[in-house]
Amino acid sequence: MLRCKTGWAQPEGPFHDVVLTSRVRLARNLDSAPFPGRAPAAALKNVRDQVFAAARQTYLKDAAYFRLEELDAVDLRFLAERHLISPALSGAPGLGGAVIDRRECLNLMINEEDHLRLAALAPGLDLRLAAREADGLDEDLARSLDFSFRPDWGYLTACPTNLGTGMRASCLVHLPGLGLAGVINRLLESLPRAGLIARGLHGEGTKVMGDFFQISNATGLGRTENELVAAVEKAVEELARREKEARQKLASGPGRMRLEDAVFRAVGALTGARLISFEEACHHLSALRLGLSLGWEVPGDFGLVNALLVLAQPAHLMMLAQKQLSPEDQAVLRAALLRQRLAGK
Amino acid sequence: MICTACQKAEAVVFIKQIANSQVSQAALCAACAAQAHVPLAPVHPLHALLQLLAKPPAPRARPAPARCPGCSTTWADFRSTGRLGCARCYGHFAAHLRPLIPRVHSGAYAHRGKSPKPPPATR
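The listed protein sequences derive, respectively, from chains A and B. Heads up, the first sequence is in this note's numbering, so the first residue is 1 and it goes up one at a time. Heads up, the second sequence is in this note's numbering, so the first residue is 1001 and it goes up one at a time.
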């Protein structure tokens, strides 16, 4: 898995210089058991067995199946860093499970807040593709799983805020131009009016790092799946268009020298630092990505920068080193990895 | 994370205060944050739900229903966590949930999306 490029690091798809990935997740629960927060261990195991068995009848038959209690803390964090399980499930795996396809573009997360969260991922701005994939898998699973559903409130979830379609359509976007232009907060604050919300790199409650944001629908009741996808897509396309304009304006205006200075200082740090935290690496990789999008002569390409944003995370470094690393040792290895990869080694 | 003030409910507001070079931190649930006059950003739907649930019931509000027969969850459990215990909770607490749902779904009260196909046995 470490050697594979994650689906979300592929520099493909529409607007890929601004939108890294599009993801659609569906929350589902089985009618036969209480929600995970209330279910006894036997019921949770039974849910996981049922979901595994159902998944083996689908496109996921050759996927990787994980019982999370069998994984150690580094493995769990590794899966969370690749957005394959949530940070919450990684911290408290209980009797959770994960099913991950080879391309890491379809995955199931079992027994987190809901029995099942299925997710489909597409590179760039392509929510319709992700929605089609998620819908297809949902239909296949529904052939053997009895999902909790009421005609008036839709798919029933542990938290009523996820009720209805159970859908969250989200895009991971890189908006450094709007940040530098000083308009990012105003734009993100306008999202709730369209029923949308902005989060940090790893979703709910996570920190915004390096101008990377997740834009998604806030709730999933009262609109059809297609309407939700269209609303997020429209907003992200508009943000991407404004981001591109902001980048060009910054690069051609009086602030160009300041921008060049910021980008090439970042290159200096990434190719020269001996100790670097993930937060600092994110910040500099964001600037490098901006330089690449402007066609400047900076090291690397979109694919490499996207991959480094994944590989420079703590559990990925520990996987690479095949041992536990202190934060300082992580900083040393991260700096070495960045220097080597950006030098083309 | 549990509220540092009441030690009971889930914290939804995280405060870091620096005064006279002294750093103090607190994590508060919606009810304790309201008591301390800390404004909650009404952005996250779960936060909005917990804020609604933290409000004291109106004097003429209908009495809290009994435990859910499916999973034993009480209305008080739901008020403190924002999570129901099982699918039957939706039917059991329907009268209490019905006015709440549109308030955390931007006014929407009915599902308009797809339905699951009936399982093979019932087709």
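The beta carbon of each residue, even a glycine, is placed where N, CA and C say it ideally should be.
Requested in this report: Compare the C-beta of S190 (chain A) against all C-beta atoms of chain B and say whether one is closer than 7 Å.
Outcome: Among the residues facing chain B, S190 (chain A) is not included, as its CB has no counterpart in that chain under 7 Å away.
**Report entry** Proximity test, Cβ basis, 7 Å: C105 (chain A) and chain B
**Finding:** No, C105 (chain A) lies away from the interface with chain B (no Cβ there is under 7 Å from its Cβ).
**Report entry** Range covered by the beta strand (DSSP E) that runs through S170 (chain A)
**Finding:** From DSSP, the beta strand (DSSP E) with S170 (chain A) extends over M167 to H174.
Query raised in the report: Helix, strand or coil: how does DSSP classify H1037 (chain B) here?
Result: For H1037 (chain B), the predicted model reports a pLDDT of 47, less than 50, meaning its position is unreliable and no value from the coordinates is stated.
Requested in this report: State the Cα-Cα distance for the pair S1021 (chain B) and I184 (chain A), rounded to the nearest angstrom.
Outcome: In this prediction, S1021 (chain B) has a pLDDT of 49, which is less than 50 and means its spatial position is unreliable; what the coordinates show is noted afterwards. Rounded to the nearest angstrom, the gap between the Cα atoms of S1021 (chain B) and I184 (chain A) is 31 Å.
Query raised in the report: Going along chain A in order, which residues have a C-beta closer than 8 Å to the C-beta of S1080 (chain B)?
Result: Within chain A, no C-beta atom comes less than 8 Å from the C-beta of S1080 (chain B); the nearest is roughly 12 Å away.
**Report entry** Nearest neighbour of L1050 (chain B), chosen from B:R1088, B:A1066 and B:C1003 [CA to CA]
**Finding:** Ranking the options by Cα distance to L1050 (chain B), first place goes to B:C1003.
Query raised in the report: Looking only at its own chain, which residues have a Cβ that is under 7 Å from the Cβ of A335 (chain A), when we skip the five neighbours before and after it?
Result: Correct list, in chain order: A273, R274, L275 and I276.
Report task. Could you please give the first and the last residue of the uninterrupted beta strand (DSSP E) stretch that includes V24 (chain A)? Result -> Segment V19 to R28, the beta strand (DSSP E) holding V24 (chain A).
Report task. List the residues of chain A that R1067 (chain B) touches, going by C-beta distances under 7 Å, in chain order. Result -> What R1067 (chain B) touches in chain A: nothing, since even the nearest Cβ is about 11 Å away.
Requested in this report: Report the residue ranges of all alpha helix (DSSP H) runs contained in full by the segment 219-279 of chain A; include only those spanning at least 4 residues, in chain order.
Outcome: Here the runs fully enclosed are 225-252 and 256-272.
Requested in this report: Answer yes or no: do V229 (chain A) and A131 (chain A) have a C-beta to C-beta separation smaller than 7 Å?
Outcome: A distance below 7 Å separates the beta carbons of V229 (chain A) and A131 (chain A).
**Report entry** For N107 (chain A), the first and last residue of its enclosing beta strand (DSSP E)
**Finding:** L106 to I110 is the span of the beta strand (DSSP E), which, as asked, contains N107 (chain A).
**Report entry** Against chain B: residues of the segment 129-152 of chain A by CB proximity under 9 Å
**Finding:** Of all residues in the segment 129-152 of chain A, D135, D138, E139, A142, R143, S144, L145, D146, F147, S148, F149, R150, P151 and D152 have a Cβ within less than 9 Å of some Cβ in chain B.
**Report entry** Enclosing beta strand (DSSP E) for L118 (chain A) [first to last residue]
**Finding:** Where L118 (chain A) is concerned, the enclosing beta strand (DSSP E) stretches over L116 to P123.
Query raised in the report: Out of A:L129, A:D126, A:L76 and A:P123, which has the shortest C-alpha to C-alpha gap to M109 (chain A)?
Result: Checking every option, the nearest Cα to that of M109 (chain A) belongs to A:L76.
**Report entry** chain B within 7 Å of P40 (chain A), Cβ atoms only
**Finding:** When Cβ-Cβ separations below 7 Å define contact, P40 (chain A) makes no contact with chain B.
Query raised in the report: Taking the C-alpha atoms as reference points, what is the distance between P254 (chain A) and E260 (chain A)?
Result: Spanning the two alpha carbons is a distance of roughly 11 Å.
Query raised in the report: When the cut-off is 7 Å and only beta carbons count, does L1040 (chain B) lie next to chain A?
Result: Note that L1040 (chain B) scores 39 on pLDDT, short of 50, meaning its location in the model is unreliable and no value can be drawn from it.
**Report entry** Endpoints, the beta strand (DSSP E) within which Q214 (chain A) is located
**Finding:** Under the DSSP assignment, Q214 (chain A) falls in the beta strand (DSSP E) whose first and last residues are F212 to N217.
Query raised in the report: Near Q57 (chain A), what residues of its chain come up, given a Cβ to Cβ distance below 8 Å and the 5 sequence neighbours on each side ignored?
Result: Listed in chain order, the non-local C-beta contacts of Q57 (chain A) below 8 Å within the same chain comprise D140, R143 and S144, local neighbours out to five positions each way being set aside.
Query raised in the report: Quick one: what's L196 (chain A) bridged to in DSSP?
Result: According to DSSP, L196 (chain A) shares a beta bridge with A:N217.
**Report entry** Residues near L2 (chain A) in its chain [Cβ-Cβ closer than 6 Å; skip 5 each side]
**Finding:** In this predicted model, L2 (chain A) has a pLDDT of only 49, less than 50, meaning its place in the structure is not dependable; the value taken from the coordinates is given anyway. If we look at L2 (chain A) and ignore the five residues flanking it on each side, its Cβ neighbours are M319.
Query raised in the report: Does any residue of chain B bring its CB to less than 7 Å from the CB of T58 (chain A)?
Result: Cβ-Cβ to chain B under 7 Å: no for T58 (chain A).
Query - Contact belief for L178 (chain A) with A246 (chain A) at Cβ below 8 Å, rounded distance in angstroms - result: Taking a contact as a CB-CB distance under 8 Å, the pair L178 (chain A) and A246 (chain A) counts as one, their CB atoms being some 5 Å apart.
Requested in this report: For chain B, find out if any of its Cβ atoms is closer than 7 Å to the Cβ of F66 (chain A); answer yes or no.
Outcome: For F66 (chain A), the answer is no, since every Cβ of chain B falls outside 7 Å of its Cβ.
Requested in this report: Measure from the C-beta of P1116 (chain B) to each C-beta in chain A and report whether the shortest distance is under 7 Å.
Outcome: Yes, its Cβ sits closer than 7 Å to a Cβ of chain A.
Report task. Grab the span of the beta strand (DSSP E) containing V99 (chain A) for me, first residue to last. Result -> Residues G97 to I100.
Requested in this report: Could you tell me whether the Cβ of E225 (chain A) comes closer than 7 Å to any Cβ of chain B?
Outcome: Closer than 7 Å: yes.
Requested in this report: For chain A, find out if any of its Cβ atoms is closer than 7 Å to the Cβ of A1108 (chain B); answer yes or no.
Outcome: Chain A contact via Cβ: present.
Report task. Please report how far the alpha carbon of A1095 (chain B) lies from the alpha carbon of H1105 (chain B), in whole angstroms. Result -> Rounded to the nearest whole angstrom, the CA to CA distance from A1095 (chain B) to H1105 (chain B) is 17 Å.
Query - Among A:G200, A:V99 and A:L325, nearest to A53 (chain A) - alpha-carbon criterion - result: By alpha-carbon distance to A53 (chain A), the top candidate from A:G200, A:V99 and A:L325 is A:V99.
Query raised in the report: Quick one: is R1103 (chain B) buried, meaning 16 or more other Cβ sit within 10 Å of its Cβ, or exposed?
Result: It is exposed - the Cβ of R1103 (chain B) has fewer than 16 other Cβ atoms within 10 Å.
Requested in this report: Determine, using beta carbons only, whether T161 (chain A) comes closer than 7 Å to chain D.
Outcome: This model lacks chain D altogether; the protein chains it does include are A and B.
Query - Span of the beta strand (DSSP E), counted from its first residue to its last, around A64 (chain A) - result: Following the DSSP letters along the chain, one finds A64 (chain A) inside the beta strand (DSSP E) bounded by residues A64 to R67.
Query raised in the report: Can you name the residues of chain A whose CB is closer than 8 Å to the CB of T1004 (chain B)?
Result: Under a criterion of Cβ atoms nearer than 8 Å, no residue of chain A is adjacent to T1004 (chain B); the nearest Cβ is some 17 Å distant.
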